[in-house]
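Notes for the one structure printed next.
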Amino acid sequence: MNVVVVESPAKAKTINKYLGPGYKVLASFGHVRDLPAKDGSVLPDQDFEMIWEVDSASQKRIKDIADAVKASDGLILATDPDREGEAISWHVLDLLKKRRVLGDKPVKRVVFNAITKKAVLDAMAHPRDIDVPLVDAYLARRALDYLVGFNLSPVLWRKLPGARSAGRVQSVALRLVCDREAEIERFVTEEYWSISALLSTPRNDEFEARLVSAGGKRLQRNSIANGEEAGRLKALLEGASYTVESVEAKPVKRNPAPPFTTSTLQQAASSRLGFSASRTMQIAQKLYEGFDIGGETVGLITYMRTDGVQMAAEAIDAARSAIASQFGDRYRPEKPRFYSTKAKNAQEAHEAIRPTDFNRSPDKVKRFLDSDQFRLYDLIWKRGIASQMASAEIERTTVEILAENKGEKAGLRAVGSVIRFDGFIAAYTDAKEDGEQADDGEDGARLPEINRAEALARRKINAQQHFTEPPPRYSEATLIKKMEELGIGRPSTYAATLATLRDRDYITIDKRKLIPQAKGRLVTAFLENFFTKYVEYDFTADLEEKLDRISAGELDWRQVLREFWQNFFQQIEDTKELRVTNVLDALNEALAPLVFPKREDGSDPRICQACGTGHLSLKLGKYGAFIGCSNYPECNFTRQLSNEGGADAEALGNEPKALGTDPITGEEITLRAGRFGPYVQRGDGKEAKRASLPRGWKVEDIDYEKAMALISLPRDIGQHPESGKMISAGIGRYGPFVLHDGTYANLESVEDVFTIGLNRAVTVLAEKQSKGPGGRGRTAAAALKELGEHPGGGAITVRDGRYGPYVNWGKVNATLPRGKDPQSVTVEEALALIAEKSGKSGAAARKAPAKKAASKAAESDGETKKAAKPKAAAKPKAKAKGAAAKKKTAS
Numbered sequence: 001m002n003v004v005v006v007e008s009p010a011k012a013k014t015i016n017k018y019l020g021p022g023y024k025v026l027a028s029f030g031h032v033r034d035l036p037a038k039d040g041s042v043l044p045d046q047d048f049e050m051i052w053e054v055d056s057a058s059q060k061r062i063k064d065i066a067d068a069v070k071a072s073d074g075l076i077l078a079t080d081p082d083r084e085g086e087a088i089s090w091h092v093l094d095l096l097k098k099r100r101v102l103g104d105k106p107v108k109r110v111v112f113n114a115i116t117k118k119a120v121l122d123a124m125a126h127p128r129d130i131d132v133p134l135v136d137a138y139l140a141r142r143a144l145d146y147l148v149g150f151n152l153s154p155v156l157w158r159k160l161p162g163a164r165s166a167g168r169v170q171s172v173a174l175r176l177v178c179d180r181e182a183e184i185e186r187f188v189t190e191e192y193w194s195i196s197a198l199l200s201t202p203r204n205d206e207f208e209a210r211l212v213s214a215g216g217k218r219l220q221r222n223s224i225a226n227g228e229e230a231g232r233l234k235a236l237l238e239g240a241s242y243t244v245e246s247v248e249a250k251p252v253k254r255n256p257a258p259p260f261t262t263s264t265l266q267q268a269a270s271s272r273l274g275f276s277a278s279r280t281m282q283i284a285q286k287l288y289e290g291f292d293i294g295g296e297t298v299g300l301i302t303y304m305r306t307d308g309v310q311m312a313a314e315a316i317d318a319a320r321s322a323i324a325s326q327f328g329d330r331y332r333p334e335k336p337r338f339y340s341t342k343a344k345n346a347q348e349a350h351e352a353i354r355p356t357d358f359n360r361s362p363d364k365v366k367r368f369l370d371s372d373q374f375r376l377y378d379l380i381w382k383r384g385i386a387s388q389m390a391s392a393e394i395e396r397t398t399v400e401i402l403a404e405n406k407g408e409k410a411g412l413r414a415v416g417s418v419i420r421f422d423g424f425i426a427a428y429t430d431a432k433e434d435g436e437q438a439d440d441g442e443d444g445a446r447l448p449e450i451n452r453a454e455a456l457a458r459r460k461i462n463a464q465q466h467f468t469e470p471p472p473r474y475s476e477a478t479l480i481k482k483m484e485e486l487g488i489g490r491p492s493t494y495a496a497t498l499a500t501l502r503d504r505d506y507i508t509i510d511k512r513k514l515i516p517q518a519k520g521r522l523v524t525a526f527l528e529n530f531f532t533k534y535v536e537y538d539f540t541a542d543l544e545e546k547l548d549r550i551s552a553g554e555l556d557w558r559q560v561l562r563e564f565w566q567n568f569f570q571q572i573e574d575t576k577e578l579r580v581t582n583v584l585d586a587l588n589e590a591l592a593p594l595v596f597p598k599r600e601d602g603s604d605p606r607i608c609q610a611c612g613t614g615h616l617s618l619k620l621g622k623y624g625a626f627i628g629c630s631n632y633p634e635c636n637f638t639r640q641l642s643n644e645g646g647a648d649a650e651a652l653g654n655e656p657k658a659l660g661t662d663p664i665t666g667e668e669i670t671l672r673a674g675r676f677g678p679y680v681q682r683g684d685g686k687e688a689k690r691a692s693l694p695r696g697w698k699v700e701d702i703d704y705e706k707a708m709a710l711i712s713l714p715r716d717i718g719q720h721p722e723s724g725k726m727i728s729a730g731i732g733r734y735g736p737f738v739l740h741d742g743t744y745a746n747l748e749s750v751e752d753v754f755t756i757g758l759n760r761a762v763t764v765l766a767e768k769q770s771k772g773p774g775g776r777g778r779t780a781a782a783a784l785k786e787l788g789e790h791p792g793g794g795a796i797t798v799r800d801g802r803y804g805p806y807v808n809w810g811k812v813n814a815t816l817p818r819g820k821d822p823q824s825v826t827v828e829e830a831l832a833l834i835a836e837k838s839g840k841s842g843a844a845a846r847k848a849p850a851k852k853a854a855s856k857a858a859e860s861d862g863e864t865k866k867a868a869k870p871k872a873a874a875k876p877k878a879k880a881k882g883a884a885a886k887k888k889t890a891s
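Heads up: the sequence shown at position 366 corresponds to 366 in UniProt numbering, and the numbers run straight through without jumps.
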């Protein structure tokens, strides 16, 4: 019997069926050890020795694997086919060697890109050794991320209170978002005009042409800068005669895009399906691990963490066969299509993301999938099969028109196109039956019959005013695309990087746009001023390239770390001489548009409006940065540092704005500005009732009625017709809601809290209850991921609940941190969340014996719990306490 180690229990169960009784497949449950989140885990003075730690849950996994290996004929490491998968195999093998259970038993490494019987059996027939350069690249990346996080973050804590952490890739991604926001703030709107003519042919067919030249000069987008010039040109065209100068019909071919990579899948899922990057990867993971279809569990897509765009030869053949059978021979090109990546520093180690079987069309598997799984599979299948289909054939017609008016000439152009053969576009519409060709369709405007030299009649001249717009904020999709273009990060890191930025409140997402928060902009401005090199795009991309060269065996990983650490450590040391006043001066200048927004009256935005003489400046407090007056304590004006409402909050000043009196209590209702934003208050003193303004509510819109409505929350709606208990509405941590007998149901908007009636509230609650605990249908209560047994007994699972994903153990439910991908949760993270939720009783009490046993087992495995800190590694000292100590430093 051979022992096979994979990463997940779901995969282990499926592969065991494929391999049969001669194999025992066990799951490692992801990484089995990691660097402890404390100083001294990476030792620069000992040539970057890394001190690994095995948590209690992983100790049990390793023991199970070791016991099985003792009684086996050999070990097969079959973890995922990427750098992280290679590292897990390396960790497992190293731990088994330290337990001395291998002896002379053969150890093989196999990789498969899809969880299908054929892919797994083919992999078993072609084993290899562990890829040492790939493991070296993992070690270098892990050490770099640790050294940056645990040395740079303490500098932020000391010099910029309220900042949580900085990371090697995370900080550069944040800079992209903040730089775009600064670009938007600097943008100056300009006026421009466009002019078009509605013309008709001698056959009375109308079409539109736009003005492209006048007075012998070609017009660009912003050439017509004002209404006066637009009026002159409009008058010229209104009195002009029109003649067709030329008609050119040109055939054009449009080629399909390559199959998805991780980043292009995340981009497409975001723009077309509205999925976040982490949600996309969560669903793709499930599609990869597979479903029970026809009595057999089979993976529907290939491995989803890849930057390769090519498909295997047999997959190309299968796609071409499916094209002929489902669309017709004309849709299959004469030769297969081959693609190469355009991404910077891409490692084409894996196939693109594609269906494992092109004959398994979306409609055939729809009944086995939920809505989101089906939509993502549909997207992947269509992109995959379209990539091998024939080009679309389009006829593009360009008509040049001469307008003359009393010797003045102008040129107009009309452009239209017609799809003569849809080609790959057919994959994105309904599949053809019996190879029937699609009807001619349109691609843009379709022009009527127009002949050269014929006269045209004018119907109407349109002159439209426009204003230039600033560049748009990044969405998750466009940020990932930009990071990929710059060579920053890798496919497996994009979702985690974005989740980290959200979790640390450096950015928020509003209508799918990434908005940097004040905290994030402060961190970016600090790093740009005092750690410039380490947030430069080229530097980060160059470091990624070196990591790729390590994985190719071209560079020594320790030498790369030595070169990085020498300069980085010196920069950290230099910040010891940095005074907080220097930091504030730099930030005041760098963040002037945010800190000192322009005032409507044109006065100096840096002069305090409360006292009239003091100067406003950033101040650093225990809970972060705020804006205060230089005349403190005589003037105690403060204002929250935020992206919006700053000028409004400042206008309120120190003095509350009276709005009226509560008719019942007789207490005054006031509108006030606090450090954490505007709020309304009833009465004075500690007992005063307060309510913050909901997101989207503006200070200038707050009147007595709105203030009273906020103060009066929660609002009683009426008694439930069945239980007789009161239904109420309010605004909580997770937004607007209705509540009945302990059951919460979310409302779509804040306004619903004040307007929803009894009937609608009962309906909303009934819909919530009909969907079950997960809130997305009864099936949502099923486990998203099984993590295994708790040391105290009982299964640990990850589930989807009312407020998002959570870890479940018995009666203990621990919500995952915001932005955390449910599929990436490790056993150790789950145990920490359960222990924190349970306090010192329950799970925490049961966990204690396992922790003690784990400590002994770690010593037997040669894992060092504590190490003497070398001088270099101890400077600066990072105090990993509280929440910071519990969280891994993200790249």
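Glycine is no exception: its CB is placed at the ideal position from the N, C-alpha and C atoms. As the structure is a prediction and not an experimental result, all values here were calculated from the model.
Asked: Ser371, buried or exposed, once every other Cβ within 10 Å from all chains shown has been counted against 16; Found: exposed
Asked: Cβ separation of Gly149 and Pro106, assumed to be a contact under 8 Å, to the nearest whole Å; Found: That belief does not hold up - the Cβ atoms of Gly149 and Pro106 are roughly 39 Å apart, past 8 Å.
Asked: Paired residues, beta bridge with Thr397 - DSSP; Found: Ala249, Gly416
Asked: Three CB pairs or more closer than 8 Å across the region 518-531 and the region 171-180; Found: yes
Asked: For Thr532, three-class secondary structure by DSSP; Found: helix
Asked: Local conformation of Ile380 per DSSP, three classes; Found: helix
Asked: For Ala27 and Lys11, the rounded distance between their alpha carbons; Found: 8 Å
Asked: Uninterrupted beta strand (DSSP E) stretches inside the region 282-334 (no shorter than 3 residues); Found: 291-293, 296-298
Asked: CB-CB length for Ala57 against Val827, believed under 8 Å; Found: 4 Å
Asked: His91 - DSSP class collapsed to helix/strand/coil; Found: helix
Asked: Contiguous alpha helix (DSSP H) assignments of at least 4 residues, all confined to the region 128-176; Found: 132-159
Asked: Residue closest to Gly20, alpha-carbon to alpha-carbon, out of Leu35, Pro9, Asp510, Val3; Found: Val3
Asked: Exposure label - Glu433; buried when at least 16 CB within 10 Å; Found: Summary for Glu433: the model assigns pLDDT 34, below 50, so the residue's position carries little reliability; its value from the coordinates is reported in the next sentence. Under this definition Glu433 is an exposed residue.
Asked: Three-state class that DSSP yields for Lys13 in the structure shown; Found: helix
Asked: Gly774 in three-state terms, based on DSSP; Found: Only weak support exists for where Gly774 lies, its pLDDT of 41 falling under 50; the coordinates are left without a value.
Asked: The region 783-799 contacting the region 810-823, beta-carbon criterion three pairs below 8 Å; Found: yes
Asked: Extent of the continuous beta strand (DSSP E) run through Gly621; Found: 616-621
Asked: Segment contact, 8 Å Cβ cut-off, at least three pairs: the region 597-606 with the region 623-632; Found: no
Asked: Reduced DSSP secondary structure (H/G/I, E/B, other) of Phe187; Found: coil
Asked: CB of Arg420 within 8 Å of CB of Ile401, strictly; Found: no
Asked: Residues near Val212 in its chain [Cβ-Cβ closer than 8 Å; skip 5 each side]; Found: Arg218, Leu219, Gly411, Leu412, Arg413
Asked: Cross-strand partners of Arg210 (DSSP beta bridge); Found: Ser196, Arg413
Asked: Selected residue, minimal CA-CA separation from Leu659, among Met708, Gln640, Pro362, Thr613; Found: Met708
Asked: Glu49 versus Ile115, Arg61, Arg142, residue with shortest Cα-Cα distance; Found: Arg142
Asked: Secondary structure of Ala781, DSSP reduced to three states; Found: Confidence at Ala781 is low in this model, with a pLDDT of 40, below 50, so the placement of that residue should be treated as unreliable; the coordinate-derived value is given next. Here Ala781 sits in helix by DSSP.
Asked: Check whether Pro127 and Arg100 have beta carbons under 8 Å apart; Found: no
Asked: Residue environment, Gly489, which counts as buried when at least 16 other CB atoms sit within 10 Å; Found: buried
Asked: Anticipated Cβ contact below 8 Å, Leu35 with Tyr146, distance rounded; Found: 5 Å
Asked: CB-CB length for Leu713 against Gly735, believed under 8 Å; Found: Going by Cβ atoms, the distance from Leu713 to Gly735 rounds to 13 Å, so no, they are not a contact pair.
Asked: contact_flag[the region 229-241, the region 448-465] where n(CB pairs < 8 Å) is 3 or more; Found: yes
Asked: Candidates Gln310, Lys335, Gly308: closest to Ser321 by CA position; Found: Lys335
Asked: Length of the line joining the Cα atoms of Arg203 and Leu498; Found: 58 Å
Asked: Which of helix, strand or coil DSSP assigns to Met726; Found: strand
Asked: Collapsed DSSP secondary structure at Met389 in the structure displayed; Found: coil
Asked: 4 or more residues per run - each alpha helix (DSSP H) lying fully within the region 493-517; Found: 494-503
Asked: C-beta atoms of Leu174 and Gly520 nearer than 8 Å; Found: yes
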